[in-house]
Amino acid sequence: MKAKETGKYYSDSKFWDKLKKYAKKAGSSVVYAVLLLYYTLQKPEVPAKTKATIIGALGYFILPLDLIPDFAVGVGYADDLGALGIALFQVAMYIDEEIKEKARLKLSSWFGDNVDTSDVDGKIG
């Protein structure tokens with residue numbers, strides 16, 4: 001499914017509803033990637049084309065029926081992480097320390113202070 005098609009499923013309320021409901025099940029890496037994209041989307045200086053990429057990836061995350069159903073134990077969010085990873089790579093130049101810190105703060109409120117974000121951070125620089 002293309003980003004343009006999945007983007008129509010994105011809204012702030014749908015985003016926060018799904019993230020709050022499935023954060024623990026999705027895991028900290030998926031949630032951190034999602035939060036990085038969400039906070040990058042909020043930056044006014046990010047170009048519209050880049051925002052469209054982010055909205056497409058977040059729309060795919062929200063989409064109830066995706067390639068691997070989210071309820072599939074152990075692998076349900078693997079395709080989501082793949083889509084999010086591609087989007088992160090494409091928008092990495094706009095992810096600064098301020099965005100990372102906002103994402104880490106929110107992440108720690110759900111997973112505790114000992115969450116390791118180095119894997120995702122290492123992939124985006």
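Residue 1 is where the sequence shown starts when you use the UniProt record's numbering, and the numbers rise one by one after that.
For glycine and all other residues, C-beta sits at the position ideal for the given N, C-alpha and C.
Per the Cβ contact rule, the region 83 to 91 is in contact with the region 49 to 64 (3 or more Cβ pairs under 8 Å). For Ile99, same chain residues with a beta-carbon under 7 Å away, outside a window of 5 residues either side, are Leu36, Tyr39 and Thr40 in chain order. Under the DSSP assignment, Thr53 falls in the alpha helix (DSSP H) whose first and last residues are Ala48 to Ile62. Cβ neighbours of Ile124 within its own chain (closer than 8 Å, five residues either side excluded): Leu36, Leu88, Phe89, Ala92 and Ile95. Per DSSP, Thr40 is one residue of the alpha helix (DSSP H) stretching across Ser28 to Leu41. Taking each of Phe111, Glu45 and Pro44 in turn and checking the Cα distance to Lys20, the smallest one comes out for Phe111. Counting only residues of its own chain and dropping the five nearest sequence neighbours on each side, Tyr10 has a CB closer than 7 Å to the CB of Ile55, Leu58, Gly59 and Ile62. Taking all protein chains shown into account, Lys18 has 16 or more neighbouring C-beta atoms within 10 Å of its C-beta and is therefore buried.
At least 9 Å separates the beta-carbon of Leu107 from that of Tyr22.
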